[in-house]
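See structure below.
Residue numbers (this note's numbering): 544 to 995.
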């Protein structure tokens, strides 16, 4: 088992499956399938195509990428998946957090701002120094025959930035479970540091340094009630190979009992006490054959399965389960999870504010660039003015009604949260200067577009 650290040197275009609209969004973490594909590309660049190498090397390739090696997702420092069983303040202004999986005290699901809302399985940055998360770039399509830009064909995609608020390169952490039958040569290759290219647009982005080390075996806390929190979609099937109906607790119990049967110790899943889950379609792209992978119905990341056992599972069994995951296609990063016996905790950290010292960034400029990065800069410049005027006349009337407009329904969770914090916390004079700065940036972009 290897603990993996990846240091980003360029933005990472970790595109979500296209929905037929622009811009193409990006994930805020590195899926296990992306890490696996990047390592496979590095192996092929070093040794050649598997069909053209020696039989021994081909067996090493199969052992690394087509066997029981599990590549888990990588999460940036200061980020985590918010489980669906967690209830929090809708506006993130109150520290109240309730995990329904371990709500033994029957805490009320409300705070000073109103009813608590459940998590959505999103990846959230909780550290105050995360900085700007998304960068956006627009590209032309070039006509092959004329070698000029084609009319009306612009393509915009987003990428995860590679630096945090301090300017330091962003680091990601995860785990690779190697199994017991990995050849020595393959194990040495996997344990070596190297440069990789992650995600899309690998000619101009995605450069990272891959640094693995032997994982420390930290004993897992155990008990007769354990919550399995998915960090990646899990492909669960019934005995006939069809997608498992997660509402059928009996069938789900049988499938999970089979997962524990191959682990150390004799433990039985006696019941599935409760499930918090969503479903999604997952697929992928097989780069070697240039063919799409099968599309499967999976249980989404952030889903929680609360299980009861006849006796507490052995800590080694839980450690093995969190290393290998559950369900099908685990080598591609599906089914990665964490086992928990206590409620999920969230540490609310306020964003740093400008100190007024020399060199401090004007918060109005920061907010203006935030609004511009959403792709709706001109719209915000027009539609936030009434809100600022209302706030100046009635200081106690802060709200986020503008974010409910249909125009913003595709806003990413991180952008929505950042704009929410701005609307609820920024002083009126800062908001006023933000709109003035935003209009200036919009005019500058219009001039640059006219010149090109």
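Cβ atoms here follow ideal geometry from the backbone N, Cα and C, with glycine treated the same way.
A quick note: this is a predicted structure, and the numbers were derived from the prediction, not measured.
Candidates the options: closest to residue i by CA position
i           : options            : result
residue 673 : 981, 957, 974      : 957
residue 942 : 950, 699, 931      : 931
residue 606 : 716, 559, 731      : 731
residue 616 : 589, 578, 584      : 578
residue 588 : 604, 573, 570      : 604
residue 770 : 628, 777, 913, 951 : 628
residue 715 : 780, 785, 624, 620 : 620
residue 863 : 749, 777, 643, 723 : 723
residue 870 : 944, 947, 780, 696 : 780
residue 764 : 884, 814, 860      : 884
residue 636 : 961, 851, 712      : 961
residue 777 : 788, 783, 940      : 788
residue 832 : 852, 594, 552      : 594
residue 641 : 624, 622, 668, 662 : 662
residue 653 : 644, 634, 790      : 634
residue 841 : 861, 598, 618, 822 : 822
residue 734 : 754, 717, 746      : 754
residue 569 : 974, 949, 917      : 917
residue 624 : 574, 656, 592      : 574
residue 659 : 639, 866, 858, 975 : 639
residue 751 : 989, 544, 548      : 548
residue 813 : 805, 921, 794      : 794
residue 852 : 797, 786, 682, 711 : 797
residue 599 : 976, 978, 783, 725 : 725
residue 614 : 720, 944, 784, 854 : 720
residue 830 : 742, 729, 643, 590 : 742
residue 749 : 912, 800, 550      : 550
residue 854 : 768, 968, 988      : 768
Whole-number beta carbon distance between residue j and residue i, since they are thought to touch under 8 Å
i           : j           : result
residue 611 : residue 874 : 7 Å
residue 774 : residue 880 : 6 Å
residue 847 : residue 626 : 5 Å
residue 740 : residue 583 : That belief does not hold up - the Cβ atoms of residue 740 and residue 583 are roughly 12 Å apart, past 8 Å.
residue 908 : residue 980 : 6 Å
residue 971 : residue 934 : 5 Å
residue 679 : residue 566 : 6 Å
residue 859 : residue 807 : 5 Å
beta-carbon residue i near the ligand GDP non-hydrogen atom, thresh 8 Å
i           : result
residue 872 : For the ligand GDP, the structure offers nothing, since it holds no ligand at all.
Buried or exposed (CB count within 10 angstroms, at least 16 for buried), residue i
i           : result
residue 646 : exposed
residue 898 : Unreliable placement is indicated for residue 898, whose pLDDT of 34 sits below 50; no coordinate value is reported for it.
residue 965 : buried
residue 938 : exposed
residue 709 : exposed
residue 701 : buried
residue 691 : exposed
residue 632 : buried
residue 698 : exposed
residue 553 : buried
residue 717 : buried
residue 895 : Low local confidence applies: a pLDDT of 40 at residue 895 is under 50, so the model's placement there is unreliable, with the coordinate-based value given in what follows. Answer is exposed; the Cβ neighbour count stays below 16.
residue 839 : buried
residue 815 : buried
residue 586 : buried
residue 872 : buried
residue 924 : buried
residue 828 : exposed
residue 978 : buried
residue 667 : buried
residue 867 : buried
residue 630 : buried
residue 900 : Residue confidence is low: residue 900 scores 37 on pLDDT, short of 50, so the model does not pin down where it sits. No coordinate-derived value is stated.
For residue i, the residue or residues it bridges with in DSSP
i           : result
residue 717 : 547
residue 682 : 698
residue 743 : 556
residue 880 : 773
residue 842 : 777, 822
residue 660 : 631
residue 724 : Answer is none; residue 724 lacks a bridge partner.
residue 829 : 834
residue 692 : 685
residue 569 : 558
residue 666 : 624
Within-9 Å CB hit, residue i to chain C
i           : result
residue 962 : Checking the listed chains, one finds no chain C in this structure; it contains a single protein chain.
- [ ] Would you list, in sequence order, the uninterrupted beta strand (DSSP E) runs of no fewer than 3 residues that lie entirely inside the region 748-817?
- [x] 750-757, 768-773
Open item on the list: Runs of 4 residues minimum, wholly inside the region 581-653: which ones carry the alpha helix (DSSP H) assignment?
Closed with: 598-608
Open item on the list: Suppose only complete runs of 4+ residues qualify. What are the alpha helix (DSSP H) ranges in the region 912-954, listed by chain order?
Closed with: 920-926, 928-936
TODO: Output the residue ranges of the beta strand (DSSP E) runs that lie fully inside the region 845-870 and measure 3 residues or longer, sorted by chain position.
DONE: 847-852
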